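Visitor: Sending over a structure as structure tokens; questions will come in a sec.
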């Protein structure tokens, strides 16, 4: 699959107001990941969007060009019903060709270096597997 200039057709306009509200009420871990890693093309020059509607879900962070979704899981994700919804969301996103990365809030806040390494490795793997050469 060629990821360059990918036109994503799965944007759900009906969730736009929900996504906007989530952007205004970001968690501490979301703010940190956004500010220090994903905003302003900091991650290897790629654009990431925050709180992006895809299908009937809102993804925490999305790189449309590489089809990467990054989800941050807070304490509510310890509940079985929330975990089941997370699994359904991930299956749906995978069916659209997205690679889904999950990190706990604690990982982001206490081990940002490792979170960055994992994201960089996934970006590099996708680049290598799709012949993308970004300078």
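Numbering (the numbering used here), first residue to last: 123 to 257. Even for Gly, the Cβ is constructed at its ideal location relative to N, Cα and C. These figures come from a predicted structure and were not determined experimentally.
So, under 8 Å CB-CB, residue 221 and residue 190 are touching, yes? Tell me the CB distance rounded to an integer number of Å.
Guide: Looking up residue 221 in the chain shown gives position 99. Looking up residue 190 in the chain shown gives position 68. That pair is a contact at about 5 Å.
Visitor: Nearest CA to the CA of residue 226: which residue from 154, 139 and 145?
Guide: Sequence index remark: in the chain shown, residue 226 carries index 104 (1-based). Per the Cα distances, 154.
Visitor: Mapping DSSP to helix, strand and coil, what is residue 125?
Guide: The residue given as residue 125 occupies position 3 in the chain shown. Low per-residue confidence applies at residue 125: pLDDT is 44, beneath 50, and the placement is therefore not dependable, though the value from the model is reported in the following sentence. In the structure shown, residue 125 adopts coil according to DSSP, grouped into three states.
Visitor: Which of helix, strand or coil does DSSP assign to residue 189?
Guide: Position 67 of the chain shown holds residue 189. Note: residue 189 maps to coil in three-state DSSP.
Visitor: Identify every residue that forms a DSSP beta bridge with residue 171.
Guide: Here residue 171 refers to the residue found at position 49 when the chain shown is read from its first residue. Answer by DSSP bridge pairing, in chain order: 184.
Visitor: Would you call the CB atoms of residue 245 and residue 166 closer than 8 Å?
Guide: On the chain shown, position 123 is the one that residue 245 refers to. On the chain shown, position 44 is the one that residue 166 refers to. A contact, by the Cβ cut-off of 8 Å.
Visitor: If we ignore side chains and look at the alpha-carbon of each, how far apart do residue 229 and residue 241 end up?
Guide: Position 107 of the chain shown, counted from the first residue, corresponds to residue 229. Position 119 of the chain shown, counted from the first residue, corresponds to residue 241. Between residue 229 and residue 241, the C-alpha separation is close to 13 Å.
Visitor: Can residue 193 and residue 239 be called in contact, C-beta distance under 8 Å?
Guide: Taking the first residue of the chain shown as 1, we reach residue 193 at position 71. Taking the first residue of the chain shown as 1, we reach residue 239 at position 117. No; because the gap between Cβ atoms is not below 8 Å, this pair is not in contact.
Visitor: Taking the alpha-carbon positions, what's the residue 187 to residue 150 distance?
Guide: Position 65 of the chain shown, counted from the start, is the residue given in the question as residue 187. Position 28 of the chain shown, counted from the start, is the residue given in the question as residue 150. If you take the alpha carbons of residue 187 and residue 150, they lie about 26 Å apart.
Visitor: Using the rule of at least 16 other Cβ atoms within 10 Å of the residue's Cβ for burial, across every protein chain shown, is residue 152 buried or exposed?
Guide: Against the chain shown, residue 152 aligns to sequence position 30. The residue in question, residue 152, is buried, as its Cβ has 16 or more Cβ neighbours within 10 Å.
Visitor: Would you tell me roughly how many angstroms separate the C-alpha atoms of residue 256 and residue 184, rounded to the nearest one?
Guide: As a first step, residue 256 is located in the chain shown; it is residue number 134 there, counting from the start. As a first step, residue 184 is located in the chain shown; it is residue number 62 there, counting from the start. About 19 Å.
Visitor: In angstroms, rounded to a whole number, what distance separates the CA positions of residue 204 and residue 217?
Guide: Your numbering for residue 204 matches position 82 in the chain shown. Your numbering for residue 217 matches position 95 in the chain shown. About 20 Å.
Visitor: Excluding five sequence neighbours on each side, which residues of the same chain lie with their C-beta closer than 7 Å to the C-beta of residue 134?
Guide: Within the chain shown, residue 134 is the residue found at index 12, counting from 1. Cβ neighbours of residue 134 beyond the five flanking positions: 175, 176, 177 and 178.
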